[in-house]
Amino acid sequence: MLKRVLVLFVSLLFLFVFAACSSDEDASSTNDGAEADDTTSEGTEIDTTPVTYTFFNAASPGKDIDTNTTRIGKILEEKTGVNFKLEHIVGDMNTKIGVMVASGDYPDVVIPDAAIDTMLDAGAFIPLNDLLEEHGPDLLEAYGDYLDQFTMDDGNIYYIPFGATVNEHIPNPNIDQGAFWIQRGILKEYGFPEIKTLDEYFDIIERYAEENPQIDGMNVIPFTGLTYDWRFFAFSNAPNHLAGYPNDGGVMIDMETHEASVYADSDYAKRYLKKLNELNEKGLLDRELFVANYDEYLAKLSSGRVLGFFDYGWQFGDARNALRDAGNPDREFMALPIVLDEDIKDQYLDPPAFTGNRGAGITVNAENPERIIQFWNELIKEENQKLVLWGFEGEHYSVDENGLFYRTQEQIELAENEDDREETGMKTFEWNWPRLNGTFSDGNAVEPRRQPEVALASYTDDDREYLEAYGVQTFAQLFSDPDERPWYPAWSANIEQGSDVQIFEQKSDEIVRRHYARIVLAEPGDFEKEWDDFVAEYRKLDVDAYEDFFTKVVQARVRGEW
Amino acid sequence: MSLQQTTTPVAPNPIKPKVKPTGFKLFIKKCKEQKVLLLMSLPFLIWLFIFRYVPLYGWTMAFQDFKPARPIFDQEWAGLEHFEFLFTNARFFEVLRNTLAMSLINLVLGFITAIGLAVLLNELRNLSFKRIVQTISYMPHFLSWVVAASIVSYALSMENGIINIVLMKLNLISEPILWLGVGEYFWGIIGGADVWKNVGWNSIIYLAAIAMIDTEQYEAAEIDGASRLQRIWYITLPGMKPVIVILLIMNLGYILESGFEAQYLLMNPMNMDFAENLDIFVLRYGISMGNFSLATAAGIFKTVVSFIFLFSANAIAKRLGEARLF
Chain V
15 MLKRVLVLFV SLLFLFVFAA CSSDEDASST NDGAEADDTT SEGTEIDTTP VTYTFFNAAS
75 PGKDIDTNTT RIGKILEEKT GVNFKLEHIV GDMNTKIGVM VASGDYPDVV IPDAAIDTML
135 DAGAFIPLND LLEEHGPDLL EAYGDYLDQF TMDDGNIYYI PFGATVNEHI PNPNIDQGAF
195 WIQRGILKEY GFPEIKTLDE YFDIIERYAE ENPQIDGMNV IPFTGLTYDW RFFAFSNAPN
255 HLAGYPNDGG VMIDMETHEA SVYADSDYAK RYLKKLNELN EKGLLDRELF VANYDEYLAK
315 LSSGRVLGFF DYGWQFGDAR NALRDAGNPD REFMALPIVL DEDIKDQYLD PPAFTGNRGA
375 GITVNAENPE RIIQFWNELI KEENQKLVLW GFEGEHYSVD ENGLFYRTQE QIELAENEDD
435 REETGMKTFE WNWPRLNGTF SDGNAVEPRR QPEVALASYT DDDREYLEAY GVQTFAQLFS
495 DPDERPWYPA WSANIEQGSD VQIFEQKSDE IVRRHYARIV LAEPGDFEKE WDDFVAEYRK
555 LDVDAYEDFF TKVVQARVRG EW
Chain R
853 MSLQQTTTPV APNPIKPKVK PTGFKLFIKK CKEQKVLLLM SLPFLIWLFI FRYVPLYGWT
913 MAFQDFKPAR PIFDQEWAGL EHFEFLFTNA RFFEVLRNTL AMSLINLVLG FITAIGLAVL
973 LNELRNLSFK RIVQTISYMP HFLSWVVAAS IVSYALSMEN GIINIVLMKL NLISEPILWL
1033 GVGEYFWGII GGADVWKNVG WNSIIYLAAI AMIDTEQYEA AEIDGASRLQ RIWYITLPGM
1093 KPVIVILLIM NLGYILESGF EAQYLLMNPM NMDFAENLDI FVLRYGISMG NFSLATAAGI
1153 FKTVVSFIFL FSANAIAKRL GEARLF
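Protein chains in written order, with the numbering used here: chain V, 15 to 576; chain R, 853 to 1178.
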């Protein structure tokens, strides 16, 4: 009896140990397989034997598919033999990349997004310089102007960023960036007035709210904003824009001296908060401004009873679609370039920018990395970029006799259809792969939405009514053109993990969040006191060091050192 | 099986009583007697060692400026720098206060409501009604906090949150309250939400404890003329006492775990002074900044505090002559 029990347990024990070992063996055997594959594929210049690489994207969640299941992916596979097995992030980026680095178990291609320093520190990426020289002539050409922006101090290129502007920069005809938004029916009701300053903006909202206290039987929300979690910047960035600066992050950069200064405790911020404080006193401010989460915020915007708010266009696309579907065009929102004073020139539109510190890199685990470069090189060619961004000719776009691309109403709808975009691969390759921006050599915009013909065709009759009333062709024309800022955007500077600058950002974020809420909701009599409290608390941090850091970054970039 | 081997209380030789073995000898003797049991527990000991003790070497991270993927020799040693950052940060003590407060509220409320519910359920005579109540009460336990927090936040909303509506209709308040906008309410909200979510689940173990009580005791008490309340007070509660004490000791060990999701999801700029707890602090300054060393340092601190609580609770139970953990 005893013996039998003993045998049972000993064998169980062995089982445990074996289970642990065998999983290791599995992993190594697949590696062997990959190697065996590769030995056969050496030799010829462009080798098209099928090969599948793993591709991990930490920048955004998405569908985990094989690229060759899409139409564009198939075309590219035919030319290069390369297929990618995509995997997207679930959960926290830093944790995922951290684990990856700690185990050394890398997929072949990784987009580490903001955790890129961790990957570089660990030596996870291979230098691409020689590979690009040999296998990526089109890549080098497309990224030519920007190469020094992502060449590291050791002279090596470790990753390829996305969206190199070639030829001409075309501004977006619609506003997907920051703006003060207003329910456009208000403008119509009062005869399309020109609204430039914050005072005018709030005056017209106040007037409308008094005359129309209810919409669809519910109380109107005259002014609200987005303050939830990391999206709080959509609230705290407003003073910067009101002062006539684009979104450089936590600092404003002086156009002359190129010095960075924080604006959180600036006079601009104070004036904005004072205004909100007054609104709150009059009962015009959303009472749940600092409490609502992102979903509640979107629900509010979609309900059609919000009259105005500040936000970045890309954050409330869902609400915008919902309003459009609701079929009441006057309840839709229109973006206005509001500034504090009459003489400030608005700078809401982004200057042409290139984010040089994000990208896709090839890891040390990838066998035959030149195959990946060959694939990317194929992808960046204009003909394929047209497929990725415009789709298939005749299906997603047409060409007129002058070679100009346009889309008919059905084509616009097809190109917006998510299922179709997935099937063609337009959704897969649209970003997170080497990509162009600007215009093609034939003059067409790289991005259809930036092509004036497409933008105009997608406007409804109601949209046109507003455009005509203000004498513009696109909604972006209400805004001033962006001035040249060669350092833009300053926020893309590489801030070292755990550095004082990073700790400053975390701490100041906390202070701003806490105090802004208190200041706005304070009794008007306490406003000054609350403001002084905030400034005192804020200035306890090492603000100068933070400003110095960005001043140095900006000045280096102006000198051309990225 | 081999039961006889393990239980031999009678001395083998009654004529010449052997001196009872002590110390190491006793240990060896016992081991021999119980070798089967020992063998049976061996795999679990190995498991415990591999998964609970070996990873402790990661604590070295707390004393380094840890960079992933580098062998331990290449790490830069930082001494107590990370502990210093923790203990000199004014925010840390606020965070600690919030953690302890929410933990204690959860502990006390959790115990009282779960025991109360178990006792009440036990008194129910209608079986199907009892089942329905039990099912409904433990349903929310299976919701993830992400969903639960949304429900809580909608229930507390000013516009058409059920809490405000009920209070208004009862004329308890004259205008809706912005519950999540007042920091002082936050601990209560978390406590309440936790009770709503977990009370049914937590009561299950007490129901089991009640089921262990000999029904003859109740019959005897009934014959002696004990009322219902007296039966609860003198039979049910004392019968549950060992379970209650054990659970209390175990939960005290988790005193610095006030939960994470609920606070994180219900936190906003207006209540963050009361909402931010240790886990959120560690997330913000440690993990999301890639500072694993700081996160580890905070983890060590938590472990030490947990140990202190666990041992002192156990010692108190021992002194009071109650059931205890070890």
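Note that the Cβ used here is the ideal one computed from N, Cα and C, for glycine as well.
Asked	Found
Beta carbon proximity, D917/R to chain V, threshold 9 Å	yes
Spatial neighbours of N1050/R in its chain, beta-carbon cut-off 7 Å, leaving aside the 5 residues before and after	G962 and H993
Environment of N1120/R [buried if 16+ CB atoms lie within 10 Å]	buried
CB contact below 9 Å: E1011/R versus chain V	yes
Burial state of S845/R (16 or more Cβ within 10 Å)	Past the edges of chain R, shown from 853 to 1178, lies residue 845/R, and the structure says nothing about it.
Interface flag, S1002/R vs chain V, CB-CB below 9 Å	yes
Test item: CB-CB of N1123/R and F1112/R under 9 Å	no
DSSP beta-bridge partners of T619/V	Since the first residue shown for chain V is 15 and the last is 576, residue 619/V is missing from the structure and cannot be characterised.
Any non-hydrogen atom of the ligand SAH closer than 8 Å to N1120/R Cβ	Summarising the ligand content, the structure contains no ligands, and the ligand SAH is consequently not present.
Residue environment, A349/V, which counts as buried when at least 16 other CB atoms sit within 10 Å	buried
Buried or exposed (CB count within 10 angstroms, at least 16 for buried), L1108/R	buried
Reference E928/R, options A914/R, V1095/R and A1169/R, closest by Cα	A914/R
Nearest-angstrom Cα separation, counted from M266/V out to V276/V	6 Å
Contacts around T467/V, its chain only, beta-carbon distance under 7 Å, and the 5 residues preceding and following it disregarded	According to the sequence provided, residue 467/V is Glu. The question's Thr does not apply to it. So the list reads L418 and Y420, once near-sequence residues are dropped.
Buried/exposed call for Y905/R, threshold 16 Cβ in 10 Å	exposed
Beta strand (DSSP E) runs wholly inside the stretch 421 to 504 of chain V, at least 3 long, in chain order	450 to 452
Collapsed DSSP secondary structure at W929/R in the structure displayed	strand
Partner residues on chain V for R1136/R, Cβ-Cβ distance less than 7 Å	Q520
Range covered by the beta strand (DSSP E) that runs through I125/V	V123 to I125
Expected contact under 8 Å - CB spacing of A1165/R and I1096/R to nearest Å	Rounded, the Cβ-Cβ distance is 12 Å, inconsistent with contact.
Check whether L948/R and A1149/R have beta carbons under 9 Å apart	no
Rounded distance between the beta-carbons of A459/V and N291/V, thought under 8 Å	The pair is not a contact, with the Cβ atoms about 44 Å apart (cut-off 8 Å).
Whole-number beta carbon distance between E510/V and Q516/V, since they are thought to touch under 8 Å	7 Å
Residue-level contact to chain R via CB, A48/V, 9 Å cutoff	In this prediction, A48/V has a pLDDT of 40, which is less than 50 and means its spatial position is unreliable; what the coordinates show is noted afterwards. With 9 Å as the cut-off, A48/V does not count as an interface residue toward chain R.
D1125/R at chain V interface by Cβ criterion, 9 Å	yes
Sheet register partners of N97/V (DSSP bridge)	T66/V
Contact under 9 Å by Cβ, P185/V with D477/V	no
contact_flag[the stretch 536 to 549 of chain V, the stretch 249 to 256 of chain V] where n(CB pairs < 8 Å) is 3 or more	no
Within chain V, partners of N1120/R - CB distance below 9 Å	T241, Y242, D243, F304, V305, A306, N307, R527 and A531
Contact list for A136/V against chain R, beta-carbon separation under 9 Å	K919, P920, A921 and R922
Cβ-Cβ separation, A504/V to Y67/V (assumed contact under 8 Å), whole Å	35 Å between Cβ atoms; not a contact.
Beta carbon of V305/V nearer than 9 Å to that of L1030/R	yes
Residues of its chain near V104/V, where Cβ-Cβ distance is below 7 Å and the 5 sequence neighbours each way are ignored	P75
6 Å Cβ shell around D51/V - same chain, five flanking residues per side excluded	Below a pLDDT of 50, predicted positions are generally treated as unreliable, and D51/V, at 42, falls in that range; no measurement from the model is reported.
Neighbourhood of D152/V by C-beta, 6 Å cutoff - its chain only, sequence neighbours within 5 removed	N391, I394 and K395
Proximity below 9 Å, CB of M107/V to CB of A138/V	no
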